[in-house]
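Asker: Sharing a structure below in C-alpha coordinates format, with a few things to ask.
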(Lines of atoms letter the chains of each structure in order from A and count residues from 1; the text may use other names and numbers.)
(Lines give C-alpha, C1' and ligand atoms only; values in the text may rest on other atoms or scores of the structure.)
Protein backbone atom coordinates (compact mmCIF):
# COMPACT_ATOMS: atom_id res chain seq x y z
CA UNK A 1 0.00 0.00 0.00
CA UNK A 2 1.33 3.38 -1.01
CA UNK A 3 0.47 5.22 2.21
CA UNK A 4 1.91 2.60 4.56
CA UNK A 5 4.48 4.97 6.09
CA UNK A 6 1.66 7.41 6.87
CA UNK A 7 -0.40 4.62 8.45
CA UNK A 8 2.55 3.53 10.57
CA UNK A 9 2.59 6.98 12.18
CA UNK A 10 -0.87 6.19 13.59
CA UNK A 11 0.73 3.52 15.82
CA UNK A 12 2.89 5.10 18.54
CA UNK A 13 4.39 1.76 19.58
CA UNK A 14 5.95 1.17 16.15
CA UNK A 15 8.33 4.10 16.59
CA UNK A 16 10.13 2.58 19.56
CA UNK A 17 13.41 0.69 19.53
CA UNK A 18 14.00 -2.73 21.07
CA UNK A 19 17.53 -3.42 22.30
CA UNK A 20 18.62 -0.42 20.26
CA UNK A 21 17.01 -1.66 17.02
CA UNK A 22 13.80 -0.50 15.32
CA UNK A 23 10.84 -2.64 16.33
CA UNK A 24 9.77 -5.12 13.64
CA UNK A 25 6.46 -6.44 14.91
CA UNK A 26 5.67 -9.79 13.28
CA UNK A 27 3.39 -11.21 15.98
CA UNK A 28 0.06 -9.95 14.68
CA UNK A 29 -1.67 -13.33 14.76
CA UNK A 30 -1.26 -13.20 18.56
CA UNK A 31 -2.43 -9.59 18.85
CA UNK A 32 -2.28 -6.48 16.69
CA UNK A 33 -0.99 -3.08 17.68
CA UNK A 34 -3.43 -0.25 18.42
CA UNK A 35 -3.73 3.01 16.47
CA UNK A 36 -3.90 6.34 18.23
CA UNK A 37 -7.62 6.74 17.41
CA UNK A 38 -8.45 3.59 19.40
CA UNK A 39 -6.30 4.69 22.33
CA UNK A 40 -8.02 8.09 22.26
CA UNK A 41 -11.49 6.51 22.08
CA UNK A 42 -10.75 4.59 25.27
CA UNK A 43 -9.32 7.67 26.95
CA UNK A 44 -12.27 9.84 25.93
CA UNK A 45 -14.74 7.31 27.30
CA UNK A 46 -13.07 7.20 30.69
CA UNK A 47 -12.61 10.97 30.77
CA UNK A 48 -16.13 12.00 29.71
CA UNK A 49 -18.61 9.10 29.49
CA UNK A 50 -17.70 6.42 32.01
CA UNK A 51 -20.83 4.80 33.50
CA UNK A 52 -22.59 1.46 33.47
CA UNK A 53 -25.07 0.83 30.67
CA UNK A 54 -28.76 -0.11 30.39
CA UNK A 55 -29.36 0.35 34.12
CA UNK A 56 -29.35 4.05 34.84
CA UNK A 57 -31.53 7.05 34.09
CA UNK A 58 -28.79 9.62 34.51
CA UNK A 59 -27.06 11.38 31.63
CA UNK A 60 -23.73 9.54 31.82
CA UNK A 61 -25.42 6.13 31.77
CA UNK A 62 -27.55 7.14 28.79
CA UNK A 63 -24.46 8.40 26.99
CA UNK A 64 -22.50 5.19 27.68
CA UNK A 65 -25.46 3.08 26.55
CA UNK A 66 -25.74 5.07 23.33
CA UNK A 67 -22.03 4.59 22.59
CA UNK A 68 -22.23 0.85 23.30
CA UNK A 69 -25.25 0.32 21.07
CA UNK A 70 -23.66 2.40 18.30
CA UNK A 71 -20.79 -0.07 18.42
CA UNK A 72 -23.20 -3.00 18.14
CA UNK A 73 -24.89 -1.39 15.15
CA UNK A 74 -21.57 -0.76 13.40
CA UNK A 75 -20.42 -4.34 13.97
CA UNK A 76 -23.68 -5.61 12.45
CA UNK A 77 -23.03 -3.52 9.33
CA UNK A 78 -19.35 -4.50 9.31
CA UNK A 79 -20.12 -8.23 8.98
CA UNK A 80 -23.45 -7.73 7.13
CA UNK A 81 -25.67 -9.15 9.87
CA UNK A 82 -29.38 -8.61 9.36
CA UNK A 83 -29.78 -6.65 12.60
CA UNK A 84 -27.85 -5.55 15.71
CA UNK A 85 -29.86 -8.13 17.70
CA UNK A 86 -27.66 -10.79 16.07
CA UNK A 87 -24.51 -9.31 17.66
CA UNK A 88 -23.48 -10.54 21.13
CA UNK A 89 -20.60 -8.94 23.02
CA UNK A 90 -18.16 -11.38 24.63
CA UNK A 91 -14.61 -11.26 25.98
CA UNK A 92 -13.20 -12.74 22.76
CA UNK A 93 -13.37 -15.61 20.29
CA UNK A 94 -12.72 -18.16 23.02
CA UNK A 95 -15.74 -17.08 25.05
CA UNK A 96 -17.86 -16.78 21.90
CA UNK A 97 -17.20 -20.39 20.93
CA UNK A 98 -17.67 -21.60 24.51
CA UNK A 99 -21.01 -19.79 24.54
CA UNK A 100 -22.17 -21.54 21.37
CA UNK A 101 -20.89 -24.94 22.50
CA UNK A 102 -22.54 -24.63 25.92
CA UNK A 103 -25.89 -23.23 24.80
CA UNK A 104 -26.19 -25.26 21.62
CA UNK A 105 -24.86 -28.35 23.35
CA UNK A 106 -27.82 -28.46 25.70
CA UNK A 107 -30.07 -29.06 22.68
CA UNK A 108 -27.98 -31.84 21.14
CA UNK A 109 -28.88 -35.48 21.68
CA UNK A 110 -26.54 -38.37 22.56
CA UNK A 111 -25.32 -40.04 19.40
CA UNK A 112 -25.33 -36.85 17.35
CA UNK A 113 -21.95 -35.65 16.13
CA UNK A 114 -19.71 -32.59 16.05
CA UNK A 115 -17.35 -32.09 13.12
CA UNK A 116 -14.14 -30.06 13.35
CA UNK A 117 -11.04 -29.88 11.16
CA UNK A 118 -7.58 -31.04 12.16
CA UNK A 119 -6.26 -27.47 11.96
CA UNK A 120 -8.39 -25.97 14.73
CA UNK A 121 -7.01 -23.67 17.43
CA UNK A 122 -7.49 -25.05 20.93
CA UNK A 123 -10.30 -22.52 21.42
CA UNK A 124 -12.31 -24.22 18.69
CA UNK A 125 -11.34 -27.72 19.74
CA UNK A 126 -11.46 -27.99 23.54
CA UNK A 127 -15.02 -26.62 24.06
CA UNK A 128 -16.43 -29.16 21.57
CA UNK A 129 -14.21 -31.96 22.84
CA UNK A 130 -15.43 -31.47 26.40
CA UNK A 131 -19.04 -31.07 25.27
CA UNK A 132 -18.82 -34.36 23.37
CA UNK A 133 -17.55 -36.14 26.49
CA UNK A 134 -20.21 -34.59 28.71
CA UNK A 135 -23.18 -35.20 26.39
CA UNK A 136 -22.20 -38.50 24.77
CA UNK A 137 -21.74 -36.93 21.34
CA UNK A 138 -19.60 -38.17 18.49
CA UNK A 139 -16.51 -36.11 17.62
CA UNK A 140 -15.25 -36.21 14.04
CA UNK A 141 -12.44 -34.45 12.15
CA UNK A 142 -11.96 -33.41 8.55
CA UNK A 143 -8.36 -34.59 8.01
CA UNK A 144 -5.37 -32.75 6.62
CA UNK A 145 -2.53 -34.15 4.55
CA UNK A 146 1.05 -33.08 3.78
CA UNK A 147 3.20 -30.32 5.23
CA UNK A 148 0.98 -27.81 3.50
CA UNK A 149 -1.81 -29.03 5.75
CA UNK A 150 -4.34 -29.33 2.94
CA UNK A 151 -7.79 -30.28 4.15
CA UNK A 152 -9.13 -33.36 2.40
CA UNK A 153 -12.24 -31.62 1.13
CA UNK A 154 -13.41 -34.69 -0.77
CA UNK A 155 -14.04 -36.35 2.61
CA UNK A 156 -16.55 -33.74 3.79
CA UNK A 157 -19.63 -35.05 1.99
CA UNK A 158 -18.76 -38.58 3.08
CA UNK A 159 -18.54 -37.55 6.75
CA UNK A 160 -21.91 -35.81 6.58
CA UNK A 161 -23.59 -38.78 4.89
CA UNK A 162 -22.16 -41.49 7.14
CA UNK A 163 -22.60 -39.75 10.51
CA UNK A 164 -25.30 -37.86 12.40
CA UNK A 165 -23.40 -34.58 12.32
CA UNK A 166 -25.30 -31.75 14.03
CA UNK A 167 -22.61 -29.05 14.16
CA UNK A 168 -19.64 -28.25 11.91
CA UNK A 169 -17.24 -25.76 13.54
CA UNK A 170 -14.17 -24.64 11.60
CA UNK A 171 -11.61 -21.89 11.23
CA UNK A 172 -11.80 -19.36 8.42
CA UNK A 173 -8.02 -18.78 8.47
CA UNK A 174 -5.61 -21.15 10.20
CA UNK A 175 -3.59 -19.35 12.87
CA UNK A 176 -0.63 -21.66 12.17
CA UNK A 177 -0.76 -22.66 8.51
CA UNK A 178 -2.18 -19.44 7.09
CA UNK A 179 -4.68 -21.51 5.10
CA UNK A 180 -7.75 -19.62 3.88
CA UNK A 181 -10.57 -22.13 4.02
CA UNK A 182 -13.53 -22.14 1.56
CA UNK A 183 -16.04 -21.13 4.21
CA UNK A 184 -18.89 -20.48 1.79
CA UNK A 185 -18.61 -24.02 0.40
CA UNK A 186 -18.36 -25.47 3.91
CA UNK A 187 -21.50 -23.67 5.05
CA UNK A 188 -23.46 -24.52 1.90
CA UNK A 189 -22.68 -28.23 2.27
CA UNK A 190 -23.48 -28.13 5.99
CA UNK A 191 -26.82 -26.46 5.27
CA UNK A 192 -27.60 -29.07 2.60
CA UNK A 193 -27.28 -31.78 5.26
CA UNK A 194 -29.13 -29.85 7.98
CA UNK A 195 -25.93 -29.19 9.91
CA UNK A 196 -25.34 -25.97 11.87
CA UNK A 197 -22.15 -24.10 10.94
CA UNK A 198 -19.86 -22.20 13.31
CA UNK A 199 -17.02 -20.08 11.87
CA UNK A 200 -13.93 -19.13 13.89
CA UNK A 201 -13.01 -15.80 12.28
CA UNK A 202 -10.35 -14.79 14.81
CA UNK A 203 -7.66 -14.60 12.11
CA UNK A 204 -9.83 -13.22 9.31
CA UNK A 205 -11.92 -10.44 10.86
CA UNK A 206 -10.10 -7.17 10.34
CA UNK A 207 -7.89 -8.76 7.69
CA UNK A 208 -10.46 -9.40 4.96
CA UNK A 209 -14.10 -8.64 4.25
CA UNK A 210 -16.54 -10.69 6.33
CA UNK A 211 -20.08 -11.03 4.98
CA UNK A 212 -22.12 -13.52 6.99
CA UNK A 213 -24.87 -13.47 4.36
CA UNK A 214 -22.48 -14.57 1.61
CA UNK A 215 -20.71 -17.02 3.89
CA UNK A 216 -24.06 -18.48 4.92
CA UNK A 217 -22.95 -19.40 8.44
CA UNK A 218 -25.21 -19.88 11.44
CA UNK A 219 -22.66 -18.52 13.92
CA UNK A 220 -19.40 -16.58 13.57
CA UNK A 221 -16.93 -15.53 16.27
CA UNK A 222 -14.05 -13.06 16.37
CA UNK A 223 -11.91 -11.00 18.76
CA UNK A 224 -11.21 -7.30 18.81
CA UNK A 225 -7.57 -7.41 19.87
CA UNK A 226 -6.39 -9.03 16.62
CA UNK A 227 -7.91 -6.20 14.58
CA UNK A 228 -6.54 -3.05 16.26
CA UNK A 229 -9.09 -2.99 19.10
CA UNK A 230 -8.42 -3.51 22.82
CA UNK A 231 -8.17 -6.88 24.53
CA UNK A 232 -11.21 -8.16 26.41
CA UNK A 233 -13.78 -7.61 23.66
CA UNK A 234 -15.13 -10.16 21.22
CA UNK A 235 -18.21 -10.79 19.13
CA UNK A 236 -20.52 -13.69 18.51
CA UNK A 237 -22.82 -13.42 15.52
CA UNK A 238 -25.79 -15.77 15.45
CA UNK A 239 -28.88 -15.95 13.29
CA UNK A 240 -31.71 -14.40 15.26
CA UNK A 241 -34.01 -17.41 14.98
CA UNK A 242 -31.28 -19.65 16.40
CA UNK A 243 -30.41 -17.27 19.23
CA UNK A 244 -34.08 -17.23 20.23
CA UNK A 245 -33.97 -21.02 20.69
CA UNK A 246 -30.75 -21.20 22.69
CA UNK A 247 -30.69 -21.04 26.51
CA UNK A 248 -28.45 -18.47 28.23
CA UNK A 249 -24.77 -19.22 28.74
CA UNK A 250 -24.41 -17.33 32.04
CA UNK A 251 -26.87 -15.92 34.54
CA UNK A 252 -26.93 -12.63 36.42
CA UNK A 253 -27.75 -8.98 36.04
CA UNK A 254 -28.78 -7.38 32.75
CA UNK A 255 -30.01 -10.59 31.07
CA UNK A 256 -33.16 -11.27 33.08
CA UNK A 257 -36.59 -9.91 32.14
CA UNK A 258 -38.36 -11.04 35.29
CA UNK A 259 -36.69 -12.63 38.32
CA UNK A 260 -38.41 -14.54 41.12
CA UNK A 261 -37.38 -16.77 43.99
CA UNK A 262 -38.23 -19.96 42.10
CA UNK A 263 -38.38 -19.02 38.43
CA UNK A 264 -37.20 -16.33 36.02
CA UNK A 265 -37.70 -15.19 32.45
CA UNK A 266 -34.92 -14.02 30.15
CA UNK A 267 -34.61 -11.01 27.88
CA UNK A 268 -34.54 -11.45 24.13
CA UNK A 269 -31.21 -11.82 22.31
CA UNK A 270 -28.64 -10.44 22.40
CA UNK A 271 -29.14 -9.36 26.02
CA UNK A 272 -29.97 -12.80 27.41
CA UNK A 273 -26.39 -13.80 26.50
CA UNK A 274 -24.79 -10.72 28.09
CA UNK A 275 -24.99 -11.36 31.83
CA UNK A 276 -23.24 -8.88 34.11
CA UNK A 277 -21.37 -5.72 33.22
CA UNK A 278 -20.15 -5.68 29.64
CA UNK A 279 -16.66 -4.59 28.48
CA UNK A 280 -18.10 -1.19 27.62
CA UNK A 281 -14.93 0.79 26.96
CA UNK A 282 -13.50 -2.10 24.97
CA UNK A 283 -16.62 -2.25 22.77
CA UNK A 284 -16.25 1.47 22.09
CA UNK A 285 -12.60 0.85 21.23
CA UNK A 286 -13.71 -1.86 18.81
CA UNK A 287 -15.98 0.63 17.06
CA UNK A 288 -13.05 3.02 16.64
CA UNK A 289 -10.92 0.19 15.25
CA UNK A 290 -13.59 -0.83 12.73
CA UNK A 291 -14.02 2.77 11.58
CA UNK A 292 -10.25 2.98 11.12
CA UNK A 293 -9.98 -0.31 9.19
CA UNK A 294 -12.89 0.58 6.93
CA UNK A 295 -11.15 3.83 5.97
CA UNK A 296 -8.15 1.78 4.80
CA UNK A 297 -10.27 -0.88 3.08
CA UNK A 298 -10.47 -4.56 3.99
CA UNK A 299 -9.75 -5.78 0.46
CA UNK A 300 -6.58 -3.69 0.37
CA UNK A 301 -5.52 -5.04 3.75
CA UNK A 302 -6.07 -8.63 2.57
CA UNK A 303 -4.04 -8.04 -0.59
CA UNK A 304 -1.20 -6.48 1.42
CA UNK A 305 -1.21 -9.36 3.93
CA UNK A 306 -1.01 -11.91 1.14
CA UNK A 307 1.77 -10.01 -0.65
CA UNK A 308 3.94 -9.95 2.48
CA UNK A 309 3.15 -13.57 3.28
CA UNK A 310 4.03 -14.81 -0.20
CA UNK A 311 7.24 -12.76 -0.26
CA UNK A 312 8.32 -13.99 3.18
CA UNK A 313 7.40 -17.61 2.41
CA UNK A 314 9.57 -17.63 -0.72
CA UNK A 315 12.51 -15.99 1.08
CA UNK A 316 12.32 -18.36 4.06
CA UNK A 317 11.98 -21.39 1.80
CA UNK A 318 15.37 -20.61 0.22
CA UNK A 319 17.17 -21.84 3.36
CA UNK A 320 17.75 -25.62 3.05
CA UNK A 321 17.41 -26.12 6.81
CA UNK A 322 13.97 -24.50 6.96
CA UNK A 323 10.73 -26.49 6.70
CA UNK A 324 7.87 -24.12 5.79
CA UNK A 325 4.33 -25.10 6.77
CA UNK A 326 1.07 -24.31 5.06
CA UNK A 327 0.16 -23.67 1.42
CA UNK A 328 2.58 -22.00 -0.98
CA UNK A 329 -0.20 -20.18 -2.82
CA UNK A 330 -3.06 -17.99 -1.56
CA UNK A 331 -2.25 -17.79 2.10
CA UNK A 332 -3.17 -15.23 4.75
CA UNK A 333 -0.53 -13.03 6.39
CA UNK A 334 0.96 -15.90 8.40
CA UNK A 335 4.19 -17.81 7.73
CA UNK A 336 5.12 -20.67 10.05
CA UNK A 337 8.21 -22.85 9.80
CA UNK A 338 10.52 -25.17 11.68
CA UNK A 339 14.31 -25.25 11.48
CA UNK A 340 16.26 -28.49 11.46
CA UNK A 341 18.38 -28.75 14.60
CA UNK A 342 17.29 -25.41 16.06
CA UNK A 343 14.58 -24.95 18.69
CA UNK A 344 12.05 -22.20 17.90
CA UNK A 345 12.64 -20.54 21.27
CA UNK A 346 16.35 -20.12 20.50
CA UNK A 347 15.54 -18.64 17.10
CA UNK A 348 12.87 -16.27 18.46
CA UNK A 349 15.15 -15.13 21.30
CA UNK A 350 17.98 -14.42 18.85
CA UNK A 351 15.69 -12.36 16.62
CA UNK A 352 14.36 -10.45 19.63
CA UNK A 353 17.90 -9.20 20.31
CA UNK A 354 17.62 -7.35 16.99
CA UNK A 355 14.12 -5.96 17.54
CA UNK A 356 12.09 -8.62 15.71
CA UNK A 357 8.96 -9.82 17.55
CA UNK A 358 8.00 -13.37 16.53
CA UNK A 359 6.13 -16.25 18.14
CA UNK A 360 7.65 -19.65 18.90
CA UNK A 361 5.82 -22.71 20.24
CA UNK A 362 2.80 -24.80 19.34
CA UNK A 363 0.53 -21.75 18.83
CA UNK A 364 -2.41 -23.39 20.65
CA UNK A 365 -2.39 -25.90 17.79
CA UNK A 366 -0.75 -28.88 19.46
CA UNK A 367 -2.81 -31.62 17.73
CA UNK A 368 -2.11 -30.07 14.32
CA UNK A 369 1.65 -29.88 14.87
CA UNK A 370 1.66 -33.44 16.21
CA UNK A 371 -0.10 -34.56 13.02
CA UNK A 372 2.66 -32.81 11.04
CA UNK A 373 5.34 -34.52 13.14
CA UNK A 374 6.53 -31.26 14.73
CA UNK A 375 6.67 -30.29 18.41
CA UNK A 376 6.86 -26.53 17.89
CA UNK A 377 7.47 -23.94 15.20
CA UNK A 378 8.29 -20.30 14.52
CA UNK A 379 5.51 -18.01 13.31
CA UNK A 380 5.80 -14.64 11.60
CA UNK A 381 2.48 -12.88 11.08
CA UNK A 382 1.82 -9.61 9.28
CA UNK A 383 -0.61 -6.71 9.12
CA UNK A 384 -1.10 -3.65 6.96
CA UNK A 385 1.53 -1.62 8.85
CA UNK A 386 4.30 -4.11 8.03
CA UNK A 387 6.55 -3.61 5.00
CA UNK A 388 8.59 -5.59 2.49
CA UNK A 389 11.67 -3.81 3.84
CA UNK A 390 10.92 -5.24 7.28
CA UNK A 391 10.72 -8.71 5.77
CA UNK A 392 14.12 -8.19 4.13
CA UNK A 393 15.60 -7.05 7.45
CA UNK A 394 14.12 -10.11 9.15
CA UNK A 395 15.57 -12.44 6.50
CA UNK A 396 19.02 -10.90 7.04
CA UNK A 397 18.70 -11.44 10.80
CA UNK A 398 17.46 -14.97 10.15
CA UNK A 399 20.53 -15.75 8.04
CA UNK A 400 22.76 -14.36 10.78
CA UNK A 401 20.99 -16.54 13.35
CA UNK A 402 21.33 -19.69 11.26
CA UNK A 403 25.05 -19.04 10.82
CA UNK A 404 25.44 -18.39 14.54
CA UNK A 405 23.87 -21.75 15.37
CA UNK A 406 25.73 -23.51 12.52
CA UNK A 407 22.46 -24.36 10.78
CA UNK A 408 23.82 -23.27 7.38
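Numbering (the UniProt record's numbering), first residue to last: 1 to 408. Glycine is no exception: its CB is placed at the ideal position from the N, C-alpha and C atoms. Note that the structure is predicted; figures quoted are calculated from it, not measured.
Thinking just about the alpha-carbon of each residue, which of 54, 121 and 393 is nearest to the one in residue 21?
Answerer: Counting from one through the chain shown, the residue named residue 21 turns up at place 21. Ranking the options by Cα distance to residue 21, first place goes to 393.
Asker: Find the nearest neighbour of residue 33 within the set 206, 154, 146 and 52, judged by alpha-carbon distance.
Answerer: Numbered from 1 along the chain shown, position 33 holds the residue referred to as residue 33. Nearest C-alpha to residue 33: 206.
Asker: Rounded to the nearest angstrom, how far is the Cβ of residue 229 from that of residue 38, given a contact under 8 angstroms?
Answerer: Mapped onto the chain shown, residue 229 falls at position 229. Mapped onto the chain shown, residue 38 falls at position 38. The pair is a contact, with the Cβ atoms about 6 angstroms apart (cut-off 8 angstroms).
Asker: Just curious, the alpha helix (DSSP H) that residue 292 is in, first and last residue?
Answerer: Counting from one through the chain shown, the residue named residue 292 turns up at place 292. Element bounds for residue 292: 280-296.
Asker: Starting from residue 139 and walking both ways along the beta strand (DSSP E), at which residues does that stretch end?
Answerer: Position 139 of the chain shown, counted from the first residue, corresponds to residue 139. Looking at the DSSP string, the run of the beta strand (DSSP E) that includes residue 139 is 138-142.
Asker: Where in the segment 193-242 do unbroken runs of the alpha helix (DSSP H), each at least 4 residues long, occur, reported from the N-terminal end onward?
Answerer: As far as the segment 193-242 is concerned, its whole alpha helix (DSSP H) runs of at least 4 residues are 212-215.
Asker: With a CB to CB cut of under 7 angstroms and the five nearest residues on each side skipped, what residues in its chain are close to residue 309?
Answerer: Residue mapping note: residue 309 aligns to position 309 of the chain shown, counting from 1. Excluding positions up to five away in sequence, the list reads 178, 331, 332, 333, 334, 335 and 382.
Asker: Would you check if the segment 69-79 and the segment 255-264 touch, i.e. whether three or more CB-CB distances between them fall below 8 angstroms?
Answerer: With a cut-off of 8 angstroms, the segment 69-79 and the segment 255-264 do not count as touching, because too few Cβ pairs lie within range.
Asker: Please go through the segment 342-401 and give each complete alpha helix (DSSP H) segment of 4 or more residues, from N-terminal end onward.
Answerer: Complete alpha helix (DSSP H) runs here, min 4: 344-353 and 366-371.
Asker: Less than 6 angstroms between C-beta atoms, sequence neighbours within five positions excluded: which residues of the same chain meet that for residue 195?
Answerer: Numbered from its first residue, the chain shown carries residue 195 at position 195. The residues are 165 and 168.
Asker: What beta strand (DSSP E) runs, 3 residues minimum, are completely inside the segment 41-119?
Answerer: List check, beta strand (DSSP E) in window: 87-90 and 113-117.
Asker: Leaving aside the five residues before and after residue 146 along the sequence, list all residues of the same chain whose C-beta is less than 6 angstroms from its C-beta, in chain order.
Answerer: Position 146 of the chain shown, counted from the start, is the residue given in the question as residue 146. Within the same chain, residue 146 has no close Cβ partners at all.
Asker: Output yes or no for whether 8 angstroms exceeds the beta carbon distance between residue 450 and residue 93.
Answerer: Look at the range of the chain in this structure, 1 to 408, and you will see that residue 450 is not part of it.
Asker: Please name the residue, chosen from 140, 91, 372 and 128, that lies closest to residue 104 on a Cα-to-Cα basis.
Answerer: Sequence index remark: in the chain shown, residue 104 carries index 104 (1-based). When each option's Cα is compared against that of residue 104, the closest is 128.
Asker: According to DSSP, simplified to helix, strand and coil, what is residue 302?
Answerer: On the chain shown, position 302 is the one that residue 302 refers to. It is helical.
Asker: Closest to residue 456 by CA distance: which of 101, 218, 180 and 214 is it?
Answerer: An answer regarding residue 456 cannot be provided, because it is not within the stretch 1 to 408 covered by the chain.
Asker: In three-state terms, what does DSSP make of residue 184?
Answerer: If you number the chain shown from 1, residue 184 lands on position 184. It is helical.
Asker: Once DSSP output is grouped into helix, strand and coil, what is the label at residue 336?
Answerer: Taking the first residue of the chain shown as 1, we reach residue 336 at position 336. DSSP places residue 336 in strand when its eight states are reduced to three.
Asker: Specify whether the segment 395-405 and the segment 339-358 touch according to this definition: at least 3 beta carbon pairs, one from each stretch, less than 8 angstroms apart.
Answerer: Yes, since at least three Cβ pairs between the segment 395-405 and the segment 339-358 fall closer than 8 angstroms, the two stretches touch.
Asker: Within 10 Å of its beta-carbon, does residue 161 have 16 or more other beta-carbons around it, so buried, or fewer, so exposed?
Answerer: Your numbering for residue 161 matches position 161 in the chain shown. With fewer than 16 other Cβ atoms within 10 Å, it is exposed.
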